[in-house]
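Below is one structure; the comments refer to it alone.
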Amino acid sequence: MCQQRRTDIQSSEPPTTNLYDFQLLGSSYSMLQCLDYTPYQHICRNIEQLLRQKMADSRLLNIVATSMPQWQTVEIREEENGQTVVISRTGMAFEFVLHVSGNGQTHKLTGVYTWAGSRLNRPPAEQRQRIWLDLNGTLADFGGSRMTERLKAAN
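So this is what it looks like as structure tokens:
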């Protein structure tokens with residue numbers, strides 16, 4: 000159970016649009032909402048921002064999740080009653096292929112997108128998040144123990 004980011008609005012994004020194909024992430028949608036209320040849009044915005052750090056005119060054309068996500072989660076008991084278990088940290092990684100335009104060219108990139116959040120049992124203003132985009136990587140490289148390290152770093 001994660002603290003709801005917004006309590007009175009129900010939202011659902013389609014798993015596939017012209018910009019993204021996140022069908023393989025669909026079964027994790029409610030967990031992704033622990034990190035952002037519209038997680039698919041958030042992923043696309045963050046990837047485009049990361050790409051623009053390397054090339055200012057980068058524009059994400061499309062992205063496809065090519066693996067099921069790997070998750071790691073840390074739960075704690077709430078201090079108030081000791082009975083309720085809540086998620087305090089979580090991390091998710093998946094492999095992708097994307098197309099990006101920039102500098103008048105289009106490029107195909109592959110890799111791993113990792114998204115970690117901490118202090119999720121606190122109000123949204125106190126929560127922390129980190130994103131990693133590992134080009135040419137695989138979950139074998141950036142899942143497992145590497146994700147454990149990153150989840151700790153997000154705290």
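Position one of the sequence shown corresponds to residue 0 (numbering that gives the first Met the number 0), numbered consecutively onward. Ideal Cβ positions, reconstructed from N, Cα and C, are used throughout, including at glycine.
For the options S100, P13 and V111, the alpha carbon positioned closest to that of D56 is the one of S100. The DSSP-derived three-state label of N45 is helix. By the criterion of at least three beta-carbon pairs nearer than 8 Å, the segment 115-130 is not in contact with the segment 51-65. Counting along the chain, the unbroken beta strand (DSSP E) around M91 starts and ends at V84 to G101.
Per DSSP, A152 lies in no beta strand (DSSP E); the unbroken alpha helix (DSSP H) holding it starts and ends at G143 to A152.
A distance of 7 Å or more separates the beta carbons of L60 and I86. In this structure, V63 keeps its C-beta atom at 7 Å or more from the C-beta atom of V111.
For Y112, the enclosing beta strand (DSSP E) covers residues Q104 to S117.
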